[in-house]
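> Dropping the structure in here first, questions after.
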Amino acid sequence: MDVNAAFLAEKRDQLARQREARDAAIAAEADKAAWIESQVAAGRMQQIGPDRYRVLTGWDAGEVFTVRRVGDQVEVVAQHGLDTSTGGVALYTRRPEWHNVGTVIPDGLTSIESVLRAARIDWRATKKRLRYTTLADDDPALSTLSAADLRVSPDDYVVIREDTGARLGRVGGLYEVIQQRDMFRFLEDLTESGDVVWETAGALRGGRKVFVTAQIPESIIVDRGGLDDEIQLYLAVINSHDGRSGAEAVVTPWRIACSNTERFAVRDARTRWKIRHTPNALQRVAQARDTLGLTLKYAQQWEQEETQLARTDILLDEVRGLIDELWPLKDDADASARTRHHTRADHIMALFEGESQRLGRSAYAAERTMTDFLDHYQPRGSRTMSEEVARATALLEGADDERKSTVHRRLMRLVRA
């Protein structure tokens, strides 16, 4: 299964259907803004600017779109989130993406400098001291203000793009900028290869986030008789220049080519290595390689275990037993707790039936079901923005990693039984 190809097809189809549905719904309203307002009121969307909205629920949670109105004509435009501040789209990719933008080079590039130029990320970020004035914004003296008149903040710095001068973020004195070229060289060191064919590279949010993706040579094939579920893995480094987060290297089935797939790559990472913005952070290659498991042994072991799960039949009672083990019900639980427990179990069993249609009634289908539930359906509060933020935070920080590991270990015991 190539999640990227599936996403591309699904995205194009869903965008078309979503646009038609939204346009029809908006056009049908006497008040053209009523449909959008109803989505905002229901907590399914959030307005983030004039005619700009962020989706809070569903498969496209986090996506931003713009509603353009010209007379009675309404157009819904999805936002890819890529940097366009230099007059072009900051993306290099080997394959056309759903948004049909960026520089597409099917044969790929091996030269770091060539990729930097193709992806429009051949610029440096620099840390500068934060200077300020006590003058009011409307003070006429601002027009004659000189650098000598500015005060220096002792502990505050800003990160700027050298090519445009744009401010990317505010950071502290210990913050060390990680340059794009260093990200590429770090990936080369991790893979122990000087001729990596780069899959994707680009920038998001005006350059505040930068990414690069390389394909891991060995794909993983989960085999169950007639089923071959092939999973191609990629190695990606995602760096932040805005001071809000560190850099991160992940082994993931996703090729990053927009803000959606950047989130998915982090969400579905098989392994990850956090990189702090400190001196020499990228020099701990051996430790990073060990943490990420970047060896054929890792890929082969993971492939073998997933194939064993795919070839192991599982009873419905065993799936229910796994649910009870992960979410035990206390003997003295009240009626409300028992209802929540049974509702959760019914939901998971319904998901399992769906996975079983494609993967067979196997331990592999059970693992995929549990992962899907934890990532997308596990309640984390009320259906408001705070709940969606909590879900995104849980995915990014791996809040359910231990529970997922428990699922894998428990199912592997069935294999060895």
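Quick note on UniProt numbering: the sequence shown kicks off at 1 and runs consecutively. Beta carbons: idealized from backbone N, C-alpha and C, even for Gly. For clarity, every value in this text was computed on a predicted model and none was experimentally measured.
So does the stretch 115-122 actually touch the stretch 199-215, counting three or more Cβ pairs closer than 8 Å?
yes
> Quick one: what does DSSP say T126 is sitting in, helix, strand or coil?
strand
> In whole angstroms, what separates the C-alpha of R44 from that of R54?
As the crow flies, the alpha-carbon of R44 is around 9 Å from that of R54.
> Which of the three DSSP states is assigned to S259 in this structure?
Secondary structure at S259: helix, using DSSP grouped into helix, strand and coil.
> Which whole-angstrom value is the C-beta distance of L91 and G102, which I expect to be below 8 Å?
The C-beta distance from L91 to G102 rounds to 3 Å, short enough to fall under 8 Å.
> The alpha helix (DSSP H) that contains G354, what's its start and end?
A335 to L359
> Go ahead and pull the three-state DSSP assignment for I323.
In this structure, I323 counts as helix in the three-state DSSP scheme.
> Name the DSSP bridge partner or partners of M370?
M370 pairs with nothing; no bridge assigned.
> Kindly indicate which three-state DSSP category D139 falls into: helix, strand or coil?
coil
> So, do the stretch 252-269 and the stretch 177-185 have three or more beta carbon pairs nearer to each other than 8 Å?
As far as the Cβ criterion goes, the stretch 252-269 does not touch the stretch 177-185, which means the pair count is below three.
> Name the one or two DSSP bridge partners that L315 has.
DSSP links L315 through a beta bridge to no other residue.
> Is it true that the stretch 241-252 meets the stretch 139-154, where meeting means three or more beta-carbon pairs spaced less than 8 Å apart?
Touching, no.
> Answer with buried or exposed for S362, where buried requires no fewer than 16 other C-beta atoms within 10 angstroms of its C-beta.
buried
> Indicate whether I178 and K128 have their beta-carbon atoms separated by less than 8 Å.
no
> Compare the C-alpha of T144 against each of S153, V152, P154 and T133 and name the closest.
T133
> Take Y364 as the anchor and find which of F352, L374 and L329 has the nearest alpha-carbon.
F352
> Whole angstroms are fine: how far does the CA of T191 sit from the CA of P106?
22 Å
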